[in-house]
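Numbering (this note's numbering), first residue to last: 14 to 248.
Just so you know, even glycine gets a beta-carbon here, dropped at the ideal spot from N, CA and C.
Computed from a prediction, not measured in an experiment: that's the story for all the values here.
Reviewing the structure listed below.
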Amino acid sequence: MKETKYISIAAKIESEIILGAYHDKLPSFEELAQRYGTSKVTISKVIQLLEFKGMVHAVKGHGTFVEKNTNYLSVDAHEHKGMSSWLGKTGELKSKIISFDIREPIKEECEALRIGVQEYVYDIIRQRVFNNEPLKLEYTIMPVVVIPGITTDVLEKSIYSYIKTDLQLEIGKANRIFRADQSDAYDIKYLDCQENDPIFEVDQVCFLADGRPFEYSQTRNRYDKGALVLMEAEN
Numbered sequence: 014m015k016e017t018k019y020i021s022i023a024a025k026i027e028s029e030i031i032l033g034a035y036h037d038k039l040p041s042f043e044e045l046a047q048r049y050g051t052s053k054v055t056i057s058k059v060i061q062l063l064e065f066k067g068m069v070h071a072v073k074g075h076g077t078f079v080e081k082n083t084n085y086l087s088v089d090a091h092e093h094k095g096m097s098s099w100l101g102k103t104g105e106l107k108s109k110i111i112s113f114d115i116r117e118p119i120k121e122e123c124e125a126l127r128i129g130v131q132e133y134v135y136d137i138i139r140q141r142v143f144n145n146e147p148l149k150l151e152y153t154i155m156p157v158v159v160i161p162g163i164t165t166d167v168l169e170k171s172i173y174s175y176i177k178t179d180l181q182l183e184i185g186k187a188n189r190i191f192r193a194d195q196s197d198a199y200d201i202k203y204l205d206c207q208e209n210d211p212i213f214e215v216d217q218v219c220f221l222a223d224g225r226p227f228e229y230s231q232t233r234n235r236y237d238k239g240a241l242v243l244m245e246a247e248n
């Protein structure tokens, strides 16, 4: 799926900020527009997105300054690349397997993934740990016929990297539902939550570029670990 231009530019600038290219202040709108071959209007959207993500703050007449206490765990809700692609450069991201099984799907999974009841699925639960702190709990169902060859080695690294690099498949859109919930027993155990702590839950069905569903998942996020940012897409 083609990425909106301002989102792509924002991701590049965000990576540069994280890697220390800009210690205090970003170049002017004119310089950034020239560097990325775009307009100042697009750069304005870029800066707005980076502000929402807590990366920078703009001061009228003085420029755009890099935040000292940057929240590296914020991400654009339109992005669909897998965690390793946007957190891998900012710190140490680990995937810990809680359970991994291959089984027949239930009716709900068949409908979401458009598969038959005899087609097997991977049933995966993973804890995602960033810089030694629990970040997310992922419950993932994937059809074996669409994504063959998943192993514990793949799960401990990056599923999306395996899909794109090893299987040579292009990832497309994702349909998502965002909701708030209270922590359950697994959240308390694997996310270090307290009883009744709020949880930010993301349910999604993800598709390959050819339209085939390949992931039906639920992600449980600690309330104090980052944010999802929604920006209006360009027409």
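When rounded, the separation of the alpha-carbon atoms in Glu121 and Leu182 is 25 Å. Taking every protein chain shown into account, the CB of Ala34 has fewer than 16 other CB atoms within 10 angstroms, so this residue is exposed. For the stretch 110 to 146, the full-length beta strand (DSSP E) segments reaching 3 residues or more read 134 to 143 along the chain. When the beta-carbon positions are compared, Ile154 and Ile176 stay at least 8 Å from each other.
DSSP places Ile190 in no alpha helix (DSSP H) but in the uninterrupted beta strand (DSSP E) bounded by Ile184 to Gln195. For Ser230, the enclosing beta strand (DSSP E) starts and ends at Pro226 to Arg235. C-alpha of Ser57 to C-alpha of Phe42: approximately 7 Å in a straight line. Between the stretch 133 to 142 and the stretch 156 to 170, the count of C-beta pairs closer than 8 Å reaches three or more; the two stretches touch. Within the same chain, Cβ atoms closer than 8 Å to the Cβ of Glu214 are found at Phe191, Arg192, Ala193, Asp194, Gln231, Thr232, Arg233 and Asn234, the five residues on either side in sequence being excluded. For Lys53, the CB contacts under 8 Å within the same chain, skipping 5 residues up- and downstream, are Phe42, Glu43 and Ala46 in chain order. For Leu63, there is no enclosing beta strand (DSSP E); the enclosing alpha helix (DSSP H) has its first and last residue at Lys53 to Phe65. Per the DSSP secondary-structure output, Leu150 pairs in a beta bridge with Gln140 and Arg233. Leu39 and Val72 do not touch by the CB rule: their CB atoms are close to 11 Å apart, not below 8 Å.
Between the alpha carbons of Asp114 and Met68 lies a distance of about 39 Å.
With distances taken between CA atoms, Arg127 lies nearest to Val218 out of Val218, Asn209 and Asp197.
Ranked by Cα distance from Pro211, the options Asp237, Lys186, Lys18 and Ser112 are led by Asp237.
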